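Peer 1:
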Amino acid sequence: MERCTWATTKLMKKYHDEEWGKPLHDDQSLFELLILETMQAGLSWATILAKRENYRKALDGFNPAKIVLYNQEKLEELNSNPGIIRNKLKNASIIKNAKAFFKVKQEYETFDRYIWSFVDGQPIINHFNSMESLPAKTELSLKMSKDMKKRGFSFVGPVTCYAFMEAAGLVNDHIEGCKFK
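Note that our numbering has the sequence shown beginning at 3, numbered continuously upward.
See below:
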């Protein structure tokens, strides 16, 4: 097997090969992934990935320092942007999550230090033989979800947190036999 079976389109293959499961430690990149994962709730990752560049434009390059200052006018602009998901609650959560991001940074110095504390700074390497074996959530993603919600984050349920952990490389769920394991 060359790669995990979920990577079927050119865009998904590129994402799989270059990003998914690779340990990420840059705060702004982690914030970007978090926002994209929260936008995915109820949708496919392919849909969100196809809109990633539109999100980058709409959200000032996912710059949390700019996003935290967004006002009602900017929120209305996001809600009417056809290039991104036009869900009022999800779009409001982008600003809310930027505020929570900065609160975490005040306590932990970096968002990276906070998020990686859930895995004691080391990726969890799983050994699944098929995509059907992968869990949608784990006890650890439930713990992360509860802690993030307590800190003011939204749209961070345990399934979203697990997908985020996979995307940011806290968990490596490349299937056995995938050359990117």
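From the three backbone atoms N, C-alpha and C, an ideal C-beta is built for every residue, glycine too. Treat the numbers as computed from the prediction; the structure is a model and nothing was measured.
At the level of alpha carbons, what is the spacing between P125 and G171?
Peer 2: By one-based count along the sequence shown, residue 125 stands at place 123. By one-based count along the sequence shown, residue 171 stands at place 169. Approximately 6 Å between the Cα atoms of the pair.
Peer 1: Express the C-alpha separation of P160 and K145 in angstroms, rounding to a whole number.
Peer 2: Looking up residue 145 in the sequence shown gives position 143. Looking up residue 160 in the sequence shown gives position 158. Near 8 Å, if we compare the C-alpha coordinates of P160 and K145.
Peer 1: From I86 to M150, what does the alpha carbon distance come to, in whole angstroms?
Peer 2: For the purposes of this step, residue 86 is identified with residue 84 of the sequence shown, where counting begins at 1. For the purposes of this step, residue 150 is identified with residue 148 of the sequence shown, where counting begins at 1. For I86 and M150, the distance between alpha carbons rounds to 24 Å.
Peer 1: If you reduce the DSSP assignment to three classes, tell me which class N99 lands in.
Peer 2: Along the sequence shown, read from residue 1 onward, the residue named residue 99 stands at position 97. DSSP places N99 in helix when its eight states are reduced to three.
Peer 1: Take every Cβ of the segment 126–135, pair it with every Cβ of the segment 67–86, and state whether three or more of those distances are shorter than 8 Å.
Peer 2: Too few Cβ pairs lie closer than 8 Å, so no.
Peer 1: Please state whether the Cβ-Cβ distance between A100 and I69 is less than 8 Å.
Peer 2: Translated into the one-based positions of the sequence shown, residue 100 becomes position 98. Translated into the one-based positions of the sequence shown, residue 69 becomes position 67. Yes, these two residues count as a Cβ contact at 8 Å.
Peer 1: Quick check on DSSP: helix, strand or coil for I117?
Peer 2: As a first step, residue 117 must be located in the sequence shown, where it is residue number 115. Correct three-state label for I117: helix.
Peer 1: Output the distance between the C-alpha atoms of G154 and C163, rounded to the nearest integer angstrom.
Peer 2: If you number the sequence shown from 1, residue 154 lands on position 152. If you number the sequence shown from 1, residue 163 lands on position 161. When rounded, the distance between both Cα atoms is 14 Å.
Peer 1: Put I177 into one of helix, strand or coil per three-state DSSP.
Peer 2: For the purposes of this step, residue 177 is identified with residue 175 of the sequence shown, where counting begins at 1. Here I177 sits in coil by DSSP.
Peer 1: For K24 and N174, what's the separation of their Cα atoms in angstroms?
Peer 2: The residue labelled residue 24 in the question sits at position 22 within the sequence shown. The residue labelled residue 174 in the question sits at position 172 within the sequence shown. One C-alpha to the other measures close to 7 Å.
Peer 1: Which same chain residues end up closer than 8 Å to D62 when comparing Cβ atoms and leaving out the 5 residues on each side of it in sequence?
Peer 2: Here residue 62 is taken as the residue at index 60 of the sequence shown, counted from 1. Closer than 8 Å at the Cβ level, and outside the excluded window around D62, lie K68, I69.
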